[in-house]
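Novice:
Numbering (the UniProt record's numbering), first residue to last: 1 to 504.
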């Protein structure tokens, strides 16, 4: 009996010792893991790469090689990214740096950040897009810096995936499409900007200069080039890239399409188009060329406007898209202000309903200077040099809810929700130009430019989605300008974007 009790006591003591040993081991492992996590967190915050860390000695940080593996996603580079709000005539650096660098720190590592109360001199650690300081003249460029942490915040808020920019040829209904036929030097992640998507034939490429001066972001342009119009279209693309503005080669992606019954005699490969340089001493290929001189007009081909719109929109590299007409010139700073608004996530943007961000449009008298702020616009509205777009043709087509109230509303810094409306009642025929996403309905490709009302079916689909229309009150005025020649049967106009429609 005594022997049995002694054995039980021995087993009990042994189990206690083993339990203590296990607890010590687990505690040591947890402490070690926490230390490694803090070390990795410091590396991530500093932007350094594990590949350059030698635990045995200190080394000077080196600049990481940049690049993106095909089809994969990469971390945004650690250096600050620059947003440039450009107002002519002073050119500035690009709006946003978009190259990425590979990081050897696993993206799945998650660490808990310690929250500390800032002192009087501390700067908030909340990643934000930098806002322009008050008092800065609106006639000068404002350089805005976006940190890597701010871009990571946008990446978390904007659930999207990067899209391929590789050239490819495909058939779309009765058309052949050369997707990404000529690509720009600057590449974008899906959350880094807004893509201006548009369409045209080569006689409209003179609009790219003023358009890019104001936009300074990615442009997706679908060009209709049937039959004999193809060769001058390629020449016009070269001329625009080499002679019109260096921003064309930096920002614009060209897609070319033509009907299957109007195939050009010769179609150069995508990588051959930009090998030959344009002769900038010669007039532009679109100079003194009228619509009646085009192969399209001579062959009585209807302009497939919605084919072009959908091609350009589907090929947009970014989540947010501004489908527009090439003669509408956006104002400087629209991209940065919009992304700041998305990053702030004001309460109205958190509503479950889909949202679209429309832009109000105004026409200017021929020869009138474009307004650069709200004060100038109101003054021009009062003296009659600016009116609502298509006021005399279709007043309800471009009338924005609460537009009169907005004109008298005080100017505040940044973009904020001014009013949430619906496309109902008096505004049921509204055909807005808006900032949207890839989730928005496409345009009906059976409709042509000549048939008019080419946007109405898409507007009806949007109406069925019952979206909210958050009108924003901007501090720094954002606008469009339209340069439509009288020869094309259009007015010289300006569109001023103050009201935005979109899905975050």
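Idealized CB from N, CA, C, for every residue including glycine.
Go through its chain and collect everything with a Cβ distance to residue 338's Cβ below 8 Å, but skip five positions before and after it.
Specialist: 194, 320, 357, 415, 435, 500
Novice: In terms of DSSP beta bridges, what is residue 224 paired with?
Specialist: 257
Novice: Just how far apart, CA to CA, sit residue 264 and residue 178?
Specialist: 12 Å
Novice: Just verifying my parser: in three-state terms, what is the DSSP assignment at residue 8?
Specialist: helix
Novice: For residue 259 and residue 226, which I take to be in contact (beta-carbon distance under 8 Å), what is that distance rounded to the nearest angstrom?
Specialist: 5 Å
Novice: Does the distance from the C-beta atom of residue 221 to that of residue 253 stay below 8 Å?
Specialist: Yes, they are a contact pair.
Novice: Going by C-alpha distance, which of 311, 167, 317 is nearest residue 272?
Specialist: 167
Novice: On the three-state DSSP scale, how would you describe residue 290?
Specialist: coil
Novice: Keeping to the same chain, check which residues put their C-beta closer than 6 Å to that of residue 287; ignore five residues upstream and five downstream.
Specialist: none
Novice: Apart from the five residues on each side of it in sequence, which residues of its chain come closer than 6 Å, Cβ to Cβ, to residue 240?
Specialist: If we look at residue 240 and ignore the five residues flanking it on each side, its Cβ neighbours are 205, 208, 248.
Novice: For residue 245, does the count of other Cβ atoms within 10 angstroms reach 16, so buried, or fall short, so exposed?
Specialist: Residue 245 should be labelled buried.
Novice: Touching or not, the stretch 297-305 and the stretch 332-347, by the rule of three or more beta carbon pairs under 8 Å?
Specialist: no
Novice: Would you identify the three-state DSSP class for residue 168, choosing helix, strand or coil?
Specialist: In the three-state reduction of the DSSP assignment, residue 168 falls in the strand class.
Novice: Of all the options 159, 404, 180, which has the alpha carbon lying nearest to the alpha carbon of residue 169?
Specialist: The shortest Cα separation from residue 169 among 159, 404, 180 belongs to 180.
Novice: Please go through the same chain and pick out, in chain order, the residues whose beta-carbon is closer than 8 Å to the beta-carbon of residue 3, but skip the five residues on each side of it.
Specialist: Within the same chain, no Cβ atom closer than 8 Å to the Cβ of residue 3 is found once the five residues on either side in sequence are excluded.
Novice: Output needed for residue 278: all residues of its chain with C-beta closer than 6 Å, excluding positions within five of it in sequence on either side, in chain order.
Specialist: 238, 239, 242, 243
Novice: Since residue 372 is in the alpha helix (DSSP H), which residue starts that stretch and which ends it?
Specialist: Run containing residue 372: none; DSSP gives neither H nor E here.
Novice: With distances taken Cα to Cα, identify the nearest neighbour of residue 214 among 18, 334, 256, 164.
Specialist: Cα-wise, what sits closest to residue 214 is 334.
Novice: Mind checking which residues open and close the beta strand (DSSP E) that includes residue 364?
Specialist: 362-364
Novice: Excluding five sequence neighbours on each side, which residues of the same chain lie with their C-beta closer than 7 Å to the C-beta of residue 173?
Specialist: 445
Novice: Out of 420, 307, 409, point me to the one whose CA is closest to residue 346's CA.
Specialist: 420
Novice: For residue 190, is the classification buried or exposed, using 16 other Cβ atoms within 10 angstroms of its Cβ as the cut-off for buried?
Specialist: buried
Novice: Taking a contact to mean a Cβ-Cβ separation below 8 Å, would you say residue 332 touches residue 309 in this structure?
Specialist: Result no, Cβ atoms of residue 332 and residue 309 do not sit closer than 8 Å.
Novice: Give the DSSP-derived three-state secondary structure of residue 173 in the structure shown.
Specialist: coil
Novice: Along the chain, where does the beta strand (DSSP E) containing residue 210 start, and where does it finish?
Specialist: It is not in any beta strand (DSSP E) - residue 210 instead sits in the alpha helix (DSSP H) that spans 208-215.
Novice: Out of 229, 387, 257, 317, which has the shortest C-alpha to C-alpha gap to residue 289?
Specialist: 229
Novice: Among 201, 210, 218, 433, which residue has its Cα nearest to the Cα of residue 183?
Specialist: 218
Novice: Going by alpha carbons, who is nearest to residue 157 out of 343, 250, 262, 176?
Specialist: 343
Novice: Alpha carbons only, please: which of 16, 443, 154, 17 is nearest the one belonging to residue 307?
Specialist: 443
Novice: Cα separation between residue 198 and residue 313?
Specialist: 8 Å
Novice: Could you please give the first and the last residue of the uninterrupted beta strand (DSSP E) stretch that includes residue 323?
Specialist: 320-323
Novice: Is the shortest distance between the beta-carbon of residue 154 and the beta-carbons of chain D less than 8 Å?
Specialist: The chain inventory of the structure shown lacks chain D, comprising one protein chain alone.
Novice: Am I right that residue 294 and residue 201 are in contact with their C-beta atoms under 8 Å? What's the rounded C-beta distance?
Specialist: 7 Å
Novice: Assign residue 292 to one of two classes, buried (16 or more other C-beta atoms within 10 Å of its C-beta) or exposed (fewer than that).
Specialist: exposed
Novice: Should residue 6 be labelled buried (16 or more other beta-carbon atoms within 10 Å of its own) or exposed?
Specialist: exposed
Novice: Which of helix, strand or coil does DSSP assign to residue 328?
Specialist: strand
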